[in-house]
Each structure stands twice: as structure tokens, then as C-alpha cells.
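This report refers to the structure that appears directly beneath it.
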Amino acid sequence: MRPVGSKYLLEEPLGRGATGTVWRARQREAAGAEAAVAGQPGETVAIKVLKEELAHDADVVMRFLRERSVLLRLTHPNIVRTRDLVVEGDLLALVMDLVDGPDLHRYLRDNGPFTPVAAALLTAQIADALAASHADGIVHRDLKPANVLLKSEAGQMHPMLTDFGIARLADSPGLTRTHEFVGTPAYVAPESAEGRPQTSAVDIYGAGILLYELVTGRPPFAGATALEVLHQHLSAEPRRPTTVPEPLWTVIERCLRKRPEERPSAENLARGLRVVAAGVGVHASPDQAEAALGVAALLAPDPEPTRVPGTGLHTLPGAGPATGDADPTQVLPSSAGTAPAGLPAGYDPNAATSVLPSTGLPASGAHGSGRTGDADPTQVLSAGSGPQGGGDPTRVMPPVPPGPPSAQPGQGDSPHPWQTQMRAARDRNEQTQYLDPGEDPLRRRPQRRPSPQPPQGYQQQPPQQQYAPQPPQQQYPPQRPPRRQPQPQPQPQRAPRYQQPPQPPQPQSRPQRYAPAPPPEPTPAPRREPRPPRQRSANPMRIPGLGCLKGCLFMIVVLIVGSWLVWEFTPLKDWVADGKNFWDAASDWITSVKDWLSSLGSDSGAGSGSGQ
Ligand SMILES: Nc1ncnc2c1ncn2[C@@H]1O[C@H](COP(=O)(O)OP(=O)(O)OP(=O)(O)O)[C@@H](O)[C@H]1O
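Here you go:
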């Protein structure tokens with residue numbers, strides 16, 4: 001078990017996606033005031049540990065901190081609650097409520113399509129969640145069955161939308177660059193595929209695709225490659241399957257309009273779906289059936305859709321201006337339709353969250369695995385590799401500053417406010433105690449960078465410079481346009497007439513704003529003492545195979561040579577041996593010593609003999 005911060009212990013991985021790995025985890029102690037939910041020791045939670053390249057991206061880290069209050073206050077009965085955000089070293093993690101149940105993608109694969117009534121009611125709840133988040137200024141941008149978890153409650157399936165804000169966090173210039181989009185090909189709205197400005201209407205498009213898939217078992221647009229699928233989003237009209245009742249088709253068709261401004265608002269979608277569910281069931285009264293047939297009147301668009309900041313800066317080559325008025329039937333370049341080399345056959349359009357380039361790049365092999373280890377992959381395709389692809393799909397691309405750096409508060413000598421926050425967030429977490437690397441999947445990662453040093457000032461990265469991932473504190477993200485101010489709106493609790501029991505009222509807002517801590521003194525990271533070089537023996541001679549004997553031999557040789565030199569080159573030999581050379585004198589001494597020893601032996605022998 002691996003600790004995350006001081007409050008949580010990772011127990012087992014539940015699944016892996018494009019942005020990270022989700023773990024079942026346990027709370028060690030109650031979280032601090034900065035968490036949305038303090039929790040109890042022993043409580044089980046789910047923790048999404050963001051991928052290393054995200055955690056290393058300064059822009060993502062800053063956004064993680066900046067959006068923490070937004071993510072933490074987003075509460076709705078159909079949204080998986082984010083309880084806490086953890087920054088520990090260079091690890092970023094979202095602590096969520098654990099949902100005990102399959103995700104919708106897996107459920108659909110195992111159980112087949114839903115009835116029209118069930119599909120409409122389930123999607124209505126997802127639309128409720130979208131309405132709440134859109135009202136709070138948050139667009140999901142990656143709505144798909146894999147991001148809907150099915151919580152079992154009193155024998156009912158309760159859809160819970162998850163991964164809120166993740167697309168926004170992952171949509172970093174460092175990872176995606178501006179001419180790409182984040183999303184899953186099968187669920188990507190035409191405007192996202194084209195790089196036009198995105199609004200909350202992209203989620204309605206995703207909901208339409210999801211609804212189609214719920215009643216038919218497959219998404220409406222398929223293809224051998226991700227780009228073929230994108231091509232269809234842009235140009236193909238969905239066909240109504242015979243099993244889909246007309247009122248439900250009306251809703252699907254309106255959600256799948258190419259023009260975002262023609263799609264209904266999330267709130268109207270939810271309302272329309274409930275009317276449809278009431279009117280297409282076997283127990284529907286004539287009035288209800290009549291109302292369902294007139295559902296189109298309920299599907300009014302959102303007059304003020306929530307914008308996704310920073311989108312629509314670039315368009316596809318040949319895709320028209322980024323004005324939102326581009327011809328919705330305009331298609332991707334012709335390279336889009338081909339299946340470039342290296343693409344695995346049987347591309348699963350449902351499975352992948354992608355960062356796709358705008359021009360002919362294939363969907364490469366998936367790398368993730370779902371809870372069951374099946375093909376529930378996510379992929380991040382490399383950008384700018386051209387139609388041939390072949391780039392490292394998870395490559396961290398150089399950040400592209402949108403313009404010349406403007407003087408921002410915090411730039412210069414004093415730390416940026418987000419740096420202060422990040423340092424404070426890191427300080428809150430205790431040092432990780434590491435497990436045996438073989439047991440800890442988090443440690444089986446490529447070489448980690450040295451721990452970031454506290455900032456001393458803002459270093460502007462030259463735009464053309466090859467990007468070497470910088471410690472997060474040393475870079476400031478480009479400034480984004482201000483987000484729409486959240487408007488706390490009471491979510492009307494509808495009384496569903498089917499299956500779903502009324503939802504208990506939820507506390508709507510709990511704005512736990514993250515209070516910036518006073519800037520701590522920049523303390524240099526403790527330097528590790530360099531290890532002394534390993535010595536295999538105390539003897540510096542290193543004569544292989546001789547061990548400690550070599551030292552003795554060395555000393556004997558030194559003594560002999562030294563004695564010889566003294567003997568030969570000083571008057572010593574004349575004083576003590578009448579001018580004999582060294583070797584003659586030495587042999588005389590040895591003979592004398594031997595004689596003396598033998599005389600000692602004979603004396604002791606005679607002594608013992610006389611004693612008897
Ligand atoms: N809060 C949660 N409780 C229980 N299980 C969860 C929770 N969140 C995610 N999971 C499980 O973890 C798996 C992986 O989640 P993740 O969000 O990373 O996958 P994904 O949606 O396929 O990824 P991505 O959207 O990044 O491509 C999911 O399939 C789901 O089964």
C-alpha cells in the first residue's frame with residue numbers, strides 16, 4: 001500500500017485511462033479544512049493519480065491548483081464528488097467518492113442495449129448533472145459511457161458522471177498544443193474536431209451519442225480510424241435505427257446537430273427525455289404519448305452556453321475560419337479517411353480518450369486497461385507528426401505561449417501566488433514512505449526528475465526552445481481568459497415518474513476556497529551526501545586474487561629495496577660488515593640467526609635430558 005500525502009493509502013488499481021490511474025484507497029486520517037470532504041479514518045475512497053507527464057506539466061499543475069475550488073464545490077446527486085486534491089512532490093491526485101459499480105461502457109458491453117425508456121431516464125440524469133456543471137461554468141468535454149459509473153442503490157442503477165474537469169486539466173499547451181483537441185473520437189463534437197470554439201454544447205453532442213449507443217449498443221459513427229470517425233462527425237447524418245421510437249429519435253437528432261447552437265440546453269434535454277420516457281413506455285397514456293411526440297418544442301437551445309476558454313484558436317488546414325460559422329459539413333482533409341500504417345485493425349472508437357492532431361494522424365494502439373483489464377484504453381496521439389504519425393504518443397510538447405509575456409502579479413522576484421499555493425499544498429502532505437519498488441506500480445515509472453527547487457524568479461521559456469520539463473514552480477502558465485463566474489443555481493429536483501426514486505436534496509455549494517498560505521522561506525531541498533566510492537579492499541594496490549596478502553608482500557618488497565639502497569649508498573656497510581655487499585651481509589646474518597636458533601634448540605634439548 002502506498003501513501004498519498006499523509007491522509008490516504010492506495011490499495012489496488014481500479015482502472016487506467018489517458019489521464020491517470022484510478023485506485024481504490026483508504027483514508028488514514030481526516031483531511032484538513034482545504035478538502036471538500038474531511039472523511040473518516042478507514043473510509044474507502046477512489047483516487048485518480050494523474051499521469052506523470054501531466055504532473056510534470058507546469059501548466060497542468062497550476063490549473064490543478066487554480067481549479068481546485070471549482071472541482072471541489074461541484075456537487076450533484078449524479079456527479080461523482082471530488083473530495084480532495086493532493087499535491088505531493090510531483091504527484092497530483094484527485095480523491096473521489098468510491099462508486100461501487102461498473103462503468104456504463106462495461107455494463108453496456110456485458111448486458112446489451114437498454115430499452116428506450118431506461119435509456120431516456122438514465123440519460124436524463126446525466127443531463128441533470130451536465131445542467132448543474134454548466135451552470136457552474138464547467139464543461140465536461142469527455143462525456144462517454146466509460147465516464148459514467150453505475151452506482152447500485154436499492155436495486156436501481158444510479159448514473160454518476162465522473163472525470164469532471166480532467167479534460168480541462170489535461171488540455172495543457174504542454175501536452176496538446178492549440179491545434180488539437182481533447183476528447184474521445186466517437187464522442188467528439190464537430191466543432192471540437194475542427195478546432196472551432198467549444199461551448200457546453202459539446203457535452204450535449206456527447207450525450208446524444210451516448211443516448212444513441214444506449215439504445216443501439218454502438219455509437220452512430222464508426223470507422224477504421226479515429227480520423228474516419230471524426231470525418232463522419234463532420235459530414236455524416238446519423239440514421240435512425242428501427243428500434244428507436246420517433247420521440248426519442250427527435251431528441252437524439254437534435255443533440256447531434258452539427259451546429260452547436262441548434263442543440264438543446266442540458267436542462268431542456270433532461271426535461272425532454274423525461275417526457276419522452278413517459279410517452280414511449282407501454283403504460284403511457286394518450287396524453288403522455290402525445291406530449292412525447294411534441295418533444296421538439298421542449299428542446300430549446302441554451303441562449304447563453306458556457307464557453308470553453310482557450311478553444312478554437314486554430315482551425316484545421318482547409319477547415320475554414322475559427323469563427324463558429326464554418327460550414328458544418330466541411331470535412332477533414334482527404335488524408336483523414338485513410339488508415340495510415342501502424343494502425344491496428346479494429347479500432348475501437350468507443351474506448352479512447354485522445355489528444356488528436358488536426359491532420360491525418362491515426363489512432364494508434366491503446367495502452368490503457370479498464371477495471372477488468374480489457375480493452376478500455378485511452379490514447380494520446382502525438383501532435384505535429386504529420387500523416388505518417390510515428391511520434392511518441394505521450395510526448396510532452398513544447399508549451400506555446402500565446403503571446404509575449406505580460407507583466408503578471410507575482411512575476412519577477414516575488415513568487416507567483418500559485419507557486420505559494422502549490423508549496424503550501426505540498427507542505428501539507430507528509431513525505432511518502434516508499435514500498436519495495438517491485439510492489440509499487442507507481443514507482444515502476446520512467447526516471448523521475450529531481451525534486452523541484454523553490455523558485456527564485458520567473459524564467460521565461462523561449463518559445464522555440466526545445467522543451468525540457470521544468471519544475472512546476474519555475475514556470476508560469478500563459479494567462480487564460482477569465483472564466484465565467486459561477487452562478488449558484490438551485491437545481492430543481494424533478495420527480496421522475498419511472499424507476500428513479502426522488503433524489504434527496506444535496507447541499508448545493510460548499511465553497512471551500514483555497515486560502516493562499518503566507519509564502520514560506522525558500523528552503524533549499526536537502527542535498528544528499530555523495531556516497532563514498534566503493535572500495536573492495538583497504539589495499540590500494542588492487543592486485544587481483546591476492547587479497548590482504550598483497551599488502552604484506554608490498555611492504556616486504558619495500559623494506560628489502562629500502563634496506564639495499566641504504567646499505568649500498570651509505571657508509572653503513574663499512575661500519576658494520578667490513579664493506580661486504582648487501583646480499584653477502586644478509587646471508588651472513590641469516591646464517592648467524594640459524595646457528596643461534598639451532599644452538600637454542602640444542603641447549604633446551606640438553607637441559608631437558610639432564611633433568612631426567
Ligand atoms: N470514483 C470511482 N469509483 C470507482 N471506480 C472508479 C472511479 N473513477 C473511476 N473508476 C474506475 O476506474 C476506471 C478508470 O477511470 P478513468 O477515469 O481513468 O478511465 P477513463 O474514463 O477510461 O479514462 P479517460 O477518461 O482518462 O480516458 C474506470 O473505468 C472506472 O471503472
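With UniProt numbering, letter number 60 in the sequence shown gets 60, and the count goes up by one each step, no holes.
The beta carbon of each residue, even a glycine, is placed where N, CA and C say it ideally should be.
From a predicted model like this one, the values you see are computed outputs, not experimental measurements.
Does DSSP classify residue i as helix, strand or coil?
{"i": "residue 146", "result": "helix"}
{"i": "residue 574", "result": "helix"}
{"i": "residue 233", "result": "helix"}
{"i": "residue 297", "result": "helix"}
{"i": "residue 166", "result": "helix"}
{"i": "residue 198", "result": "coil"}
{"i": "residue 206", "result": "helix"}
{"i": "residue 288", "result": "helix"}
{"i": "residue 74", "result": "coil"}
{"i": "residue 593", "result": "helix"}
{"i": "residue 46", "result": "strand"}
{"i": "residue 34", "result": "coil"}
{"i": "residue 218", "result": "coil"}
{"i": "residue 84", "result": "strand"}
{"i": "residue 260", "result": "helix"}
{"i": "residue 224", "result": "coil"}
{"i": "residue 538", "result": "Confidence at residue 538 is low in this model, with a pLDDT of 42, below 50, so its placement is unreliable and the value that follows should be read with caution. Note: residue 538 maps to coil in three-state DSSP."}
{"i": "residue 302", "result": "coil"}
{"i": "residue 59", "result": "helix"}
{"i": "residue 601", "result": "helix"}
Output the boundary residues of the beta strand (DSSP E) element that contains residue i.
{"i": "residue 247", "result": "From DSSP, residue 247 is part of no beta strand (DSSP E) but of the alpha helix (DSSP H) over 246-255."}
{"i": "residue 22", "result": "20-27"}
{"i": "residue 188", "result": "Note, residue 188: premise wrong, no beta strand (DSSP E); not H, not E."}
{"i": "residue 39", "result": "Where residue 39 is concerned, there is no enclosing beta strand (DSSP E), given that its DSSP letter is neither H nor E."}
{"i": "residue 110", "result": "Segment 104-111 is the alpha helix (DSSP H) holding residue 110; no beta strand (DSSP E) there."}
{"i": "residue 67", "result": "Element bounds for residue 67: n/a, residue is neither H nor E."}
Going by the beta-carbon positions, is the gap between residue i and residue j smaller than 9 Å?
{"i": "residue 107", "j": "residue 145", "result": "yes"}
{"i": "residue 247", "j": "residue 275", "result": "yes"}
{"i": "residue 36", "j": "residue 75", "result": "yes"}
{"i": "residue 260", "j": "residue 298", "result": "no"}
{"i": "residue 292", "j": "residue 308", "result": "no"}
{"i": "residue 94", "j": "residue 85", "result": "yes"}
{"i": "residue 102", "j": "residue 214", "result": "no"}
{"i": "residue 13", "j": "residue 24", "result": "yes"}
{"i": "residue 197", "j": "residue 311", "result": "yes"}
{"i": "residue 130", "j": "residue 193", "result": "no"}
{"i": "residue 273", "j": "residue 210", "result": "no"}
{"i": "residue 614", "j": "residue 124", "result": "The first residue shown for the chain is 1 and the last is 612, placing residue 614 beyond what the model contains."}
{"i": "residue 45", "j": "residue 98", "result": "yes"}
{"i": "residue 252", "j": "residue 208", "result": "yes"}
Under a CB-based cut-off of 9 Å, is residue i close to chain C?
{"i": "residue 260", "result": "Annotation note: the requested chain C is absent from the structure, which comprises a single protein chain."}
Could you spell out where the alpha helix (DSSP H) holding residue i opens and where it closes?
{"i": "residue 562", "result": "549-569"}
{"i": "residue 97", "result": "Residue 97 -> not in any alpha helix (DSSP H); beta strand (DSSP E) instead, spanning 91-97."}
{"i": "residue 134", "result": "116-135"}
{"i": "residue 275", "result": "266-280"}
{"i": "residue 55", "result": "52-55"}
Assign residue i to buried or exposed, taking buried as 16 or more other Cβ atoms, counted over all protein chains shown, within 10 Å of its Cβ.
{"i": "residue 199", "result": "buried"}
{"i": "residue 255", "result": "buried"}
{"i": "residue 190", "result": "buried"}
{"i": "residue 555", "result": "exposed"}
{"i": "residue 614", "result": "Any answer about residue 614 is impossible in this case: the structure gives the chain only from 1 up to 612."}
{"i": "residue 203", "result": "buried"}
{"i": "residue 603", "result": "exposed"}
{"i": "residue 594", "result": "exposed"}
{"i": "residue 2", "result": "buried"}
{"i": "residue 219", "result": "buried"}
{"i": "residue 64", "result": "buried"}
{"i": "residue 120", "result": "buried"}
{"i": "residue 5", "result": "buried"}
{"i": "residue 403", "result": "The predicted position of residue 403 is uncertain, since its pLDDT is 34 and thus under 50; no value can be drawn from it."}
Run through the DSSP bridge pairs and tell me what residue i is partnered with.
{"i": "residue 157", "result": "152"}
{"i": "residue 4", "result": "8"}
{"i": "residue 307", "result": "199"}
{"i": "residue 13", "result": "23"}
{"i": "residue 79", "result": "161"}
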